[in-house]
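Remarks on the structure that follows.
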Amino acid sequence: MSANRLQSHQVTSQDNYMSEQEANNLIKKYDKNGDSILTKEELTALIIDQAASQQQQQKPKKEEFLCKPEKVETKVHDEKGPFKIRLSRDEMREIFLEHDIDGDGYLNRSELSKAFAMCGSLISLNKANYALNLADADGDGYISRDELEKVLDYAQKINKLKK
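Taking our numbering, the leading residue of the sequence shown gets 1, the next gets one more, and so forth.
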């Protein structure tokens with residue numbers, strides 16, 4: 001930036017910046033060795049103090065906690081509930097295939113776990129471990145497209161158990 005552009009670019013306090021005097025005061029306050037340059041440690045102390053002062057300003061006052069809470073109407077779910085959706089085999093296959101994140105054509109333990117979670121399982125890692133042990137015929141730690149059918153059999157079985 002040229003000197004003319006620097007002079008024409010004046011920062012005002014409206015821009016949420018501090019004035020040069022305020023910056024100089026901060027440097028004087030936090031510059032421990034007096035060289036007018038803030039070291040990493042001095043800058044860290046400045047940032048921590050600034051964050052703490054902002055946090056103090058944002059804390060609600062005690063009387064703000066004394067207001068009475070409003071009544072909130074709760075929604076009652078029907079018998080199926082939010083996690084009781086039964087998926088078809090094709091829907092589950094699509095979910096599992098979409099979770100092949102690296103696109104290698106195989107599902108690893110993490111991808112299986114995420115797919116089971118997407119199908120509504122609350123203990124998806126346990127389901128993924130069981131499915132991997134059940135369906136991984138060649139023992140390579142991955143589920144191929146052929147092995148996916150056994151995983152879908154298992155997923156369909158546990159999906160039917162949902163009421």
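Quick reminder that beta carbons are idealized off the backbone N, C-alpha and C, glycines included.
Since we're looking at a predicted model, the values are computed, not measured.
{"query": "Alpha carbon to alpha carbon, what distance is there between A135 and A155?", "result": "11 Å"}
{"query": "Enumerate in chain order the residues of its own chain whose CB-to-CB distance from K80 is below 7 Å, with the five nearest sequence positions on each side excluded.", "result": "No answer about K80 holds up, because its pLDDT of 42 lies below 50 and its placement is not dependable."}
{"query": "With burial defined as no fewer than 16 other Cβ atoms inside 10 Å of the residue's Cβ, what is the status of A131: buried or exposed?", "result": "buried"}
{"query": "Mind reading off the beta-carbon distance from R89 to L152? Whole number of angstroms is fine, and I expect it under 8 Å.", "result": "6 Å"}
{"query": "Smallest Cα separation from M92: which of Q21, E20, E22, K160?", "result": "K160"}
{"query": "Measure the Cβ-Cβ separation of R109 and A128 and say whether it is below 7 Å.", "result": "yes"}
{"query": "Tell me the DSSP secondary structure of N4 in three-state form.", "result": "Only weak support is given to the placement of N4: the predicted model assigns it a pLDDT of 46, under 50, and the question is left unresolved by the model."}
{"query": "I'd like to know whether the C-beta of N25 is nearer than 7 Å to at least one C-beta of chain C.", "result": "Here there is only one protein chain, and chain C is not present."}
{"query": "Would the beta-carbon of K32 fall within 7 Å of that of E20?", "result": "no"}
{"query": "Cutting at 7 Å between CB atoms, please list the residues of its own chain near Y30, excluding the five before and the five after it.", "result": "L38, E42, A45, L46"}
{"query": "Give the range of the alpha helix (DSSP H) segment to which R109 is assigned.", "result": "109 to 118"}
{"query": "Could you compute how far the alpha carbon of S113 sits from the alpha carbon of A52?", "result": "40 Å"}
{"query": "Between I48, K28, L26, I95, which lies nearest to S121 when the distance is taken from Cα to Cα?", "result": "I95"}
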